[in-house]
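To start, the structure under review is shown below, and the notes come after it.
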Amino acid sequence: MATQEMCRVVGNREIGAGLFELTMEAPVLCMQAQPGQFVHITCGEGNLLRRPISICNVQDGQMIVVFQVKGDGTAWLSKRREGDVLDVLGTLGHGFRMEELGDHPIFIGGGIGVPPMLMTMRAAKENGAKPEAILGFRNQNAVILEDAFRRLGETHVCTDDGSYGVHGFVTDVLKLHVQEATAICACGPKPMLRAIAEIAEAQGIPCQVSMEERMGCGIGACLVCACELKLKDGQEGVRYGHVCKDGPVFDSKEVVW
Ligand SMILES: Cc1cc2nc3c(=O)[nH]c(=O)nc-3n(C[C@H](O)[C@H](O)[C@H](O)COP(=O)(O)OP(=O)(O)OC[C@H]3O[C@@H](n4cnc5c(N)ncnc54)[C@H](O)[C@@H]3O)c2cc1C
Ligand code: FES
1 MATQEMCRVV GNREIGAGLF ELTMEAPVLC MQAQPGQFVH ITCGEGNLLR
51 RPISICNVQD GQMIVVFQVK GDGTAWLSKR REGDVLDVLG TLGHGFRMEE
101 LGDHPIFIGG GIGVPPMLMT MRAAKENGAK PEAILGFRNQ NAVILEDAFR
151 RLGETHVCTD DGSYGVHGFV TDVLKLHVQE ATAICACGPK PMLRAIAEIA
201 EAQGIPCQVS MEERMGCGIG ACLVCACELK LKDGQEGVRY GHVCKDGPVF
251 DSKEVVW
């Protein structure tokens, strides 16, 4: 059951070009939050549809989300200040299955897919694993949360243009480290997820991916976020799932790429 909580903004700061880290008091939602889940935030009175944003981290009853300004909703959210109150629905969706990660999971984030991997990597470390992160960004100005990941374990940063860290894609780094991985968890653009899924499958390593689709209700009622999934047991054909309810995290082998 989703909970609606009125959350007081504690801080909202720009941490990269058009990228904001918003902290809010959300004691009830924080107790429910699982790595890889998202919240649905009302972004201004003119915007009837809530905006889905992943949970980046929770600490002492405060929830942190990181978002990129895209359109009206996220622009409105970027202007919220300390003391403003947000109408937040959560915590939504199925997150990463932590019990399947083993002792050396690799967490991969691409661009705005990086934030949800932070809470996930932290949870894996708290479960006793030795996690590793591979983070990919367009360029140096887009790099976010690097220090927070480094505090949790070995972290590789890549940029597409080579302006910071490794020059190349997350998959270039993954190929060098994949042999040691017990599982892979990833969030980011679909072409990146597909390439990661192929590498994982070739190596026989379990892989979970967090998918993104446009959303309406966020709770499985409107069917806007339908996605094609493979039938179970390798049967021919497809079935339909909903990213908000069945996901956003799926086994990479379930996804019709
Ligand atoms: C499960 C999930 C988790 C997400 N987590 C994050 C996150 O942590 N940080 C972040 O910056 N962004 C995240 N997004 C994308 C974010 O929801 C969109 O960027 C945001 O809704 C855009 O709203 P807007 O009003 O600024 O843009 P507009 O383009 O004006 O939005 C118009 C409508 O389209 C929908 N929409 C537009 N783009 C997307 C999109 N990519 N996904 C879903 N709906 C969209 C909006 O919700 C809105 O209803 C996530 C999306 C999903 C599905
Ligand atoms: S957003 Fe309405 S069913 Fe998923």
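Residues in the sequence shown are numbered from 1 upward in steps of one, following our numbering. Don't be surprised by glycine CBs; every beta carbon is placed ideally from N, CA and C. Bear in mind that the values here come from a model prediction, so they are computed numbers and not experimental data.
8 Å Cβ cutoff met for residue i and residue j
i: GLU132; j: ILE112; result: no
i: THR120; j: CYS30; result: no
i: GLY11; j: GLN68; result: no
i: ILE196; j: CYS207; result: yes
i: PRO191; j: GLY95; result: no
i: ALA183; j: LEU89; result: no
i: VAL178; j: ILE134; result: no
i: VAL66; j: PHE20; result: yes
i: PHE38; j: ILE53; result: yes
i: CYS43; j: THR74; result: yes
i: VAL9; j: ARG97; result: no
i: LYS253; j: GLU201; result: yes
i: VAL108; j: VAL157; result: The amino acid at residue 108 is misidentified as Val; the sequence shows Ile. Contact: no.
i: CYS227; j: VAL243; result: yes
Cβ-heavy atom distance, residue i to ligand 2, below 7 Å
i: HIS156; result: no
i: ALA221; result: yes
i: CYS225; result: yes
i: HIS177; result: no
i: HIS242; result: yes
i: GLY95; result: no
i: GLY46; result: no
i: GLY90; result: no
i: GLY136; result: no
i: GLY247; result: no
i: GLY218; result: yes
Rounded Cβ spacing between residue i and residue j (contact assumed at less than 8 Å)
i: LEU277; j: LEU145; result: Lying outside 1 to 257, the shown extent of the chain, residue 277 is not represented and no answer is given.
i: ALA33; j: MET63; result: 7 Å
i: VAL143; j: PHE149; result: Contact flag wrong, Cβ pair sits at about 11 Å.
i: GLY216; j: GLY93; result: In fact, because the Cβ distance is near 14 Å, the residues do not count as touching under 8 Å.
i: VAL256; j: LEU229; result: 6 Å
Cβ of residue i within 8 Å of any chain C Cβ
i: THR120; result: Protein chain content of the structure displayed is limited to a single chain, and chain C is not contained in it.
Any non-hydrogen atom of ligand 1 closer than 7 Å to residue i Cβ
i: PHE38; result: yes
i: CYS43; result: yes
i: ASP72; result: yes
i: PRO189; result: no
i: ILE15; result: no
i: MET259; result: Here the chain comprises residues numbered 1 to 257, so residue 259 is not present and cannot be evaluated.
i: VAL65; result: yes
i: SER54; result: yes
i: ILE108; result: no
i: ARG80; result: no
i: ARG51; result: yes
i: ILE112; result: yes
i: GLN68; result: yes
i: ALA75; result: yes
i: PRO35; result: no
Identity of the residues DSSP links to residue i by a beta bridge
i: CYS158; result: GLY136 and VAL166
i: HIS177; result: HIS177 is not bridged to any residue.
i: ASN57; result: ILE64
i: CYS207; result: ILE184
i: LEU229; result: ARG239 and VAL255
i: ASP87; result: MET6
i: HIS40; result: PRO52 and LEU89
i: GLU25; result: ARG8 and GLN62
Residue environment, residue i, which counts as buried when at least 16 other CB atoms sit within 10 Å
i: ASP103; result: exposed
i: ARG194; result: exposed
i: VAL238; result: exposed
i: ASN57; result: buried
i: GLY110; result: buried
i: ALA221; result: exposed
i: GLU212; result: buried
i: GLY46; result: exposed
i: ARG51; result: buried
i: PRO27; result: exposed
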